[in-house]
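Peer 1:
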Amino acid sequence: MQTKQALSIRKLTTAGVLAAAIVLLTTLVSIPMPGGLGYINLGDVGVLLAGMLLGGGWGALCAGAASALSDILLGWGVYAPATFLIKGAVALVAGLLFAKTERKIRYAALFLAALIVPLGYFLYETVLYTFAGAIVNVALNTVQGMTGALVATILGVMLQKTNLFARDSAAVPVCAETLREPKHGPEVVLLAERAYADLILTAGDMLSVQGIMARIVAIDNNTAFERLTAAQRASFLPEDKPYVRVENADMTPKEIMQAAIQAKEKR
126 MQTKQALSIR KLTTAGVLAA AIVLLTTLVS IPMPGGLGYI NLGDVGVLLA
176 GMLLGGGWGA LCAGAASALS DILLGWGVYA PATFLIKGAV ALVAGLLFAK
226 TERKIRYAAL FLAALIVPLG YFLYETVLYT FAGAIVNVAL NTVQGMTGAL
276 VATILGVMLQ KTNLFARDSA AVPVCAETLR EPKHGPEVVL LAERAYADLI
326 LTAGDMLSVQ GIMARIVAID NNTAFERLTA AQRASFLPED KPYVRVENAD
376 MTPKEIMQAA IQAKEKR
């Protein structure tokens, strides 16, 4: 189990890498807006990744500071205060929604969070310039935000298979445990409350006879498991793996095995 100190060091390291990525994506891919009112960039990719990988609070600080620094480096210091708040809000909302949303639709959180970009800059530019000057940039800022969300989604799916999505087990009470992990990775996951662990262990043995390797996960209860962040749940129940969730003793090990085979075939 990771210690809190190890988690903090990893988060600081990840935050540093993401901050550098945000600055590079913002400054190297910078396109002036019509009329010279600001610019569009790919920095939102890093901003949204910061929310996903670091969580709301850390992600907001990392994204806001790096994005504001980029404005200053590009000579747009007048935007820096607003950028700090807007991009910080994007990462904050992305991180919070991503962690609390069902795993099948959680990437939609990135697109919702990205809408803060055109809204935030429209409000700021209305004060900075005029309504007419601000409305011109709404479409391009929307395209920038949606493009960032799309690319961040693609990268997020890829990164989900790595250790960058933290198992923040030291940050929350442990309510799940991997009882059995195949040497070369699982083909299917069997998950049940601890009271029914024997059922899924037996089903796992039956699957192995069929040449199907299963990860066996025991949880304290369904409510506690659902309260984990999306990243924490995914460390036990990967998004790309078929699974069978046993919630009572009505299923026999053979039925669990058959359900697992069917789930695997559907993938």
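Position in the sequence shown (from 1) plus 125 gives the number in the numbering used here.
Think of the CB as a built atom: it goes at the ideal place given N, C-alpha and C, for glycine as much as any other residue.
All values derive from a computational prediction rather than experimental measurement.
(1) Threshold first: 4 residues or longer. Then list the alpha helix (DSSP H) segments lying entirely within the stretch 237-279, N to C.
(2) Kindly list the residues whose CB is nearer than 6 Å to the CB of GLY141, restricted to its own chain and excluding five residues on each side of it in sequence; keep chain order.
(3) Is the separation between the beta-carbon of ALA219 and that of GLY176 shorter than 9 Å?
(4) Assess contact between the stretch 257-273 and the stretch 220-227, defined as three or more Cβ pairs (one per stretch) separated by less than 8 Å. Is contact present?
(5) On the criterion of 16 or more Cβ atoms from any shown chain inside 10 Å, does GLU318 qualify as buried, or is it exposed?
(6) Would you grab the beta carbon distance between VAL172 and ILE197 for me? Rounded to a whole angstrom, and I think it's under 8 Å.
(7) With three or more C-beta pairs closer than 8 Å as the rule, is the stretch 270-281 touching the stretch 227-237?
(8) Under the DSSP definition of a beta bridge, which residues are partnered with GLU312?
(9) Give me the residue from THR354, ALA193 and LEU179 with the minimum Cα distance to THR151.
(10) Name, in chain order, the residues that DSSP records as bridge partners for THR303.
(11) Alpha carbon to alpha carbon, how far is LYS229 from LEU240?
(12) Quick check on DSSP: helix, strand or coil for LEU137?
(13) In three-state terms, what does DSSP make of ASN166?
(14) In the structure shown, what three-state DSSP assignment does GLU318 receive?
(15) Out of ALA359, TYR321, GLU380 and LEU326, state which residue places its alpha-carbon closest to the alpha-carbon of ASN373.
(16) For a test of the three-state rule: what should DSSP assign to PRO378, helix, strand or coil?
(17) Report the residue from PHE209, ILE134 and LEU275 whose alpha carbon sits nearest the alpha carbon of ALA188.
(18) Which residues share a DSSP beta bridge with TYR368?
(19) How many angstroms separate the CA atom of LYS225 from the CA atom of ALA355?
(20) Quick check: what's the CA-CA separation for ARG305 versus ALA339?
(21) Pick from GLN357, ILE344, THR327 and GLU351: whose alpha carbon is nearest that of THR377?
(22) Quick test of your reading: LEU315 and GLY329, contact by CB under 8 Å. State the CB separation rounded to the nearest angstrom.
(23) Among GLY163, ARG135, ALA384 and GLY168, which one has its Cα closest to the Cα of THR251?
(24) Do VAL342 and ALA384 count as a contact pair if the criterion is CB distance below 9 Å?
(25) What residues match up with SER360 in a beta bridge as DSSP calls it?
(26) Just reading off the alpha helix (DSSP H) that ILE337 is part of, what are its end residues?
(27) Please name the residue or residues paired with ILE156 in a DSSP beta bridge.
(28) Is GLY281 near LEU174, with beta carbons less than 9 Å apart?
(29) Comparing alpha-carbon positions, which option in ILE386, ILE134, TYR246 and ARG231 lies nearest VAL313?
Peer 2: Reading off the structure:
(1) 241-253 and 256-261
(2) Within the sequence shown, residue 141 is the residue found at index 16, counting from 1. Hits under 6 Å: none found.
(3) Taking the sequence shown and counting its residues from 1, one reaches residue 219 at position 94. Taking the sequence shown and counting its residues from 1, one reaches residue 176 at position 51. The answer is yes: Cβ separation under 9 Å.
(4) no
(5) For the purposes of this step, residue 318 is taken as residue 193 along the sequence shown, with counting starting at 1. Per the 10 Å Cβ criterion, buried.
(6) Along the sequence shown, one-based indexing puts residue 172 at 47. Along the sequence shown, one-based indexing puts residue 197 at 72. Between ILE197 and VAL172 the Cβ distance is about 16 Å, and since that is not below 8 Å, they are no contact.
(7) yes
(8) The residue given as residue 312 occupies position 187 in the sequence shown. GLU312 is bridged by DSSP to nothing; it lacks a bridge partner.
(9) Residue numbering aside, residue 151 sits at position 26 when the sequence shown is read from its first letter. The shortest Cα separation from THR151 among THR354, ALA193 and LEU179 belongs to ALA193.
(10) Your numbering for residue 303 matches position 178 in the sequence shown. DSSP output for THR303 lists VAL342 as bridge partner(s).
(11) Numbered from 1 along the sequence shown, position 104 holds the residue referred to as residue 229. Numbered from 1 along the sequence shown, position 115 holds the residue referred to as residue 240. Looking at the two C-alpha atoms, the distance is approximately 21 Å.
(12) Reading the sequence shown from its first residue, position 12 is the one you call residue 137. DSSP places LEU137 in helix when its eight states are reduced to three.
(13) The count along the sequence shown starts at 1 and reaches residue 166 at position 41. In the structure shown, ASN166 sits in a strand (DSSP, three-state: E or B).
(14) The sequence position of residue 318 within the sequence shown is 193, counting from 1. Three-state result, GLU318: strand.
(15) Numbered from its first residue, the sequence shown carries residue 373 at position 248. Nearest of ALA359, TYR321, GLU380 and LEU326 to ASN373, Cα basis: TYR321.
(16) Locating residue 378 in the sequence shown gives position 253, counting from the first residue. The DSSP-derived three-state label of PRO378 is helix.
(17) Here residue 188 refers to the residue found at position 63 when the sequence shown is read from its first residue. For ALA188, the nearest C-alpha among the options comes from PHE209.
(18) Taking the first residue of the sequence shown as position 1, residue 368 is located at position 243. Answer is VAL314, bridged to TYR368.
(19) Position 100 of the sequence shown, counted from the start, is the residue given in the question as residue 225. Position 230 of the sequence shown, counted from the start, is the residue given in the question as residue 355. So the alpha carbons of these two residues sit roughly 6 Å apart.
(20) Taking the first residue of the sequence shown as 1, we reach residue 305 at position 180. Taking the first residue of the sequence shown as 1, we reach residue 339 at position 214. If I take the Cα positions, the gap works out to 8 Å.
(21) As a first step, residue 377 must be located in the sequence shown, where it is residue number 252. Selected option, being the one with the closest Cα: THR327.
(22) Here residue 315 corresponds to residue number 190 of the sequence shown, with the count starting at 1. Here residue 329 corresponds to residue number 204 of the sequence shown, with the count starting at 1. Contact holds; Cβ gap of about 6 Å.
(23) Counted from its first residue, the sequence shown places residue 251 at position 126. The shortest C-alpha separation from THR251 is found at GLY163.
(24) For the purposes of this step, residue 384 is identified with residue 259 of the sequence shown, where counting begins at 1. For the purposes of this step, residue 342 is identified with residue 217 of the sequence shown, where counting begins at 1. No, the pair does not count as a contact, with Cβ atoms beyond the cut-off.
(25) Start at 1 with the first residue of the sequence shown, and residue 360 comes out as number 235. For SER360, which the question treats as bridged, DSSP gives no partner whatsoever.
(26) Reading the sequence shown from its first residue, position 212 is the one you call residue 337. No alpha helix (DSSP H) holds ILE337; DSSP gives it neither H nor E.
(27) Reading the sequence shown from its first residue, position 31 is the one you call residue 156. For ILE156, which the question treats as bridged, DSSP gives the partners ILE165.
(28) Translated into positions along the sequence shown, residue 281 becomes position 156. Translated into positions along the sequence shown, residue 174 becomes position 49. A contact, by the Cβ cut-off of 9 Å.
(29) For the purposes of this step, residue 313 is taken as the residue at position 188 of the sequence shown. The residue with the shortest Cα to Cα distance from VAL313 is ILE386.
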